[in-house]
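Enquirer:
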Amino acid sequence: MTLNPSTRRVNQRHDVDLPVRIEVGSEIRNTTIKNMSVGGLYIEDAHPYTAQQIVKVYFTIPTLPEEIDVECVIRWLQKDASGDIEAIGVQFIGMKAKQVWALTKFFASLTASQAI
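Under the numbering used here, residues 30 to 145 are what the sequence shown spells out, in order.
#1: Looking at C-alpha atoms only, which residue of ASN40, GLU56, ILE72, SER66 is the closest neighbour of VAL49?
#2: How big is the Cα-Cα spacing for ILE57 and ILE51?
#3: Below 7 Å CB to CB, which residues in the same chain sit around GLY68 once its five sequence neighbours on both sides are set aside?
#4: Pick from ASP46, ASN59, SER55, PRO77: whose alpha carbon is nearest that of GLU115?
#5: I'd like to know whether the C-beta of VAL119 is nearer than 8 Å to at least one C-beta of chain C.
#6: Can you name, in chain order, every residue of its own chain whose Cβ lies under 6 Å from the Cβ of ASN59, other than the five neighbours on each side?
#7: Any idea if GLY118 is buried or exposed, counting beta-carbon neighbours within 10 angstroms, 16 or more meaning buried?
#8: Tell me, to the nearest whole angstrom, how far the beta carbon of GLU100 is from that of GLY123; I am working on the premise that it is less than 8 Å.
#9: Just the C-alpha distance for TYR87 and ILE97, rounded to the nearest angstrom, thanks.
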């Protein structure tokens, strides 16, 4: 079932193109974050995920020297015309305050550079 993420959007999304590693059980997948907010990520990936599945993501942003590693729950799946998954929307679970602060600073830098 594909859920419509636009009907539940709470946080402002920021377009990005950042590498991300997703830990799914014992498998590590390398893919790309296409947009993000303080609440979660939109990730391009064709893996057969399921809604409500718990994964762990690892990514870096310029405003934090260490890698962000956080558990997420898959909230929605984006499927192509043939029904294959092409992207997922994940919600952060238990992100640390320092990580939220760094994301907020990162988003402010994106907004400032877009205004120029």
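All residues carry an ideal CB built from backbone N, CA and C; glycine is no exception.
Expert: Inspection of the coordinates gives the following:
#1: ILE72
#2: 6 Å
#3: VAL39, ASN40, GLN120, PHE121
#4: PRO77
#5: Among the protein chains of the structure shown there is no chain C, as only one such chain exists.
#6: Counting only residues of its own chain and dropping the five nearest sequence neighbours on each side, ASN59 has a CB closer than 6 Å to the CB of ARG50.
#7: buried
#8: 6 Å
#9: In a straight line, the C-alpha of TYR87 is about 6 Å away from that of ILE97.
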